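S.K.: My questions will all concern the structure given below.
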Amino acid sequence: SQQGEEDPQALSIQEGENATMNCSYKTSINNLQWYRQNSGRGLVHLILIRSNEREKHSGRLRVTLDTSKKSSSLLITASRAADTASYFCATDDIPGNQFYFGTGTSLTVIP
Amino acid sequence: DTAVSQTPKYLVTQMGNDKSIKCEQNLGHDTMYWYKQDSKKFLKIMFSYNNKELIINETVPNRFSPKSPDKAHLNLHINSLELGDSAVYFCASSWGQGTGELFFGEGSRLTVL
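Taken in sequence, the protein lines are chains A and B.
Numbering-wise, the first sequence is residues 1168 to 1278 according to the numbering used here.
Numbering-wise, the second sequence is residues 143 to 255 according to the numbering used here.
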């Protein structure tokens, strides 16, 4: 299946450090998205990057996409304790019928 | 106003019972989804409806029956609950099928005893 896989599964950093999470997927996509999930809450959309884009920024977030390697990375700069959450990538399939998620990266930012 | 709301937030029930989860979105979206998140946080799509029409029905037991009375509502009914049905169920919506961003509800945690 197209299911994305995030890496690492868990990440623990000090406040102020940068956090990098990676996502790999299997088949061609139209776009890739990153979501955040706070404990016990629903997922919230962070950023979308299209297959013809290589990099995108939104505030402290930087997303890259390498379609040749079928991978993406999410960089959170100058992390804060409030960034503690699980982060998921979501990919679609070329027909664009649905979104595929993985198991996410659990990020802990230590104050 | 909550964009995607689902009720109940928590559901504890015995094996063999039937239960329903309701979902409503006030975003005017055409497409609604049900996702299941297991204990390892893996999020898997179950159903997708576009304008009240079933678009996606993944390999979900037929004990699960979605119903969409209108494009703003997508309910999930589960018959003969089993232990393995314990999970968090998320409703989501988007403008189009597999298009743009997903807006999620807060989830309904189902525990089957």
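No residue lacks a Cβ here, since even glycine has one placed at the ideal position from N, Cα and C.
If you're wondering where the values come from, they're calculated on a predicted model, not measured in any experiment.
Could you give the distance in angstroms between the alpha-carbon of Lys-183 of chain B and the alpha-carbon of Arg-205 of chain B?
M.R.: Stepping through the second sequence from its first residue, residue 183 of chain B is reached at position 41. Stepping through the second sequence from its first residue, residue 205 of chain B is reached at position 63. So the two alpha carbons sit approximately 22 Å from each other.
S.K.: Give the interface partners of Gly-247 of chain B over in chain A, defined as CB-CB distance under 9 Å, in chain order.
M.R.: On the second sequence, residue 247 of chain B is found 105 positions in, with the first residue counted as 1. Those within 9 Å of Gly-247 of chain B in chain A are Gly-1209.
S.K.: Since Ala-1257 of chain A and Gln-1200 of chain A should fall inside the 8 Å C-beta cutoff, what is the C-beta to C-beta distance between them, to a whole number of angstroms?
M.R.: Here residue 1257 of chain A refers to the residue found at position 90 of the first sequence. Here residue 1200 of chain A refers to the residue found at position 33 of the first sequence. Indeed, because the Cβ distance is near 5 Å, the residues count as touching under 8 Å.
S.K.: Just list the beta strand (DSSP E) runs in the segment 225-250 of chain B, keeping only unbroken ones of 3 residues or longer that don't cross its boundaries, in chain order.
M.R.: Within the segment 225-250 of chain B, the complete beta strand (DSSP E) runs of at least 3 residues are 229-236.
S.K.: Under a Cβ-count criterion, where at least 16 other Cβ atoms within 10 Å of its own Cβ denotes burial, should Ile-1277 of chain A be classed as buried or exposed?
M.R.: Along the first sequence, read from residue 1 onward, the residue named residue 1277 of chain A stands at position 110. Exposed is the call here.
S.K.: For the segment 1245-1270 of chain A, enumerate the residues whose C-beta is nearer than 9 Å to any C-beta of chain B, in chain order.
M.R.: Here the close residues are Ser-1253, Phe-1255, Ala-1257, Asp-1259, Asp-1260, Pro-1262, Gly-1263, Asn-1264, Gln-1265, Phe-1266, Tyr-1267, Phe-1268, Gly-1269, Thr-1270.
S.K.: Say whether chain A places a C-beta atom closer than 7 Å to the C-beta of Glu-224 of chain B.
M.R.: Position 82 of the second sequence holds residue 224 of chain B. Not one chain A Cβ lies under 7 Å of Glu-224 of chain B.
S.K.: To the nearest angstrom, how far is it from the Cα of Gln-167 of chain B to the Cα of Ser-1246 of chain A?
M.R.: Counted from its first residue, the second sequence places residue 167 of chain B at position 25. Counted from its first residue, the first sequence places residue 1246 of chain A at position 79. Answer to the nearest angstrom: the Cα atoms are 32 Å apart.
S.K.: Find the residues of chain B that neighbour Leu-1215 of chain A, judging by a C-beta separation of less than 8 Å, and give them in chain order.
M.R.: Within the first sequence, the letter at position 48 stands for residue 1215 of chain A. Residues of chain B whose Cβ lies closer than 8 Å to the Cβ of Leu-1215 of chain A are, in chain order, Gly-242, Glu-243.
S.K.: Thinking just about the alpha-carbon of each residue, which of B:Ser-190, B:Asp-160, B:Ala-145 is nearest to the one in Gly-1209 of chain A?
M.R.: Mapped onto the first sequence, residue 1209 of chain A falls at position 42. That would be B:Ala-145, whose Cα lies nearest to the Cα of Gly-1209 of chain A.
S.K.: What in chain B is Cβ-close to His-1212 of chain A, meaning under 7 Å?
M.R.: Here the question's residue 1212 of chain A lines up with position 45 in the first sequence. The answer, in chain order, is Glu-243, Leu-244.
S.K.: Using the Cβ count rule (16 or more neighbours within 10 Å means buried), how would you classify Asp-227 of chain B?
M.R.: Residue numbering aside, residue 227 of chain B sits at position 85 when the second sequence is read from its first letter. Around the beta carbon of Asp-227 of chain B, 16 or more other beta carbons sit within 10 angstroms, so the residue counts as buried.
S.K.: Where do the N-terminal and C-terminal ends of the beta strand (DSSP E) with Leu-255 of chain B fall, by residue?
M.R.: Stepping through the second sequence from its first residue, residue 255 of chain B is reached at position 113. Counting along the chain, Leu-255 of chain B falls outside any beta strand (DSSP E), and DSSP gives it neither H nor E.
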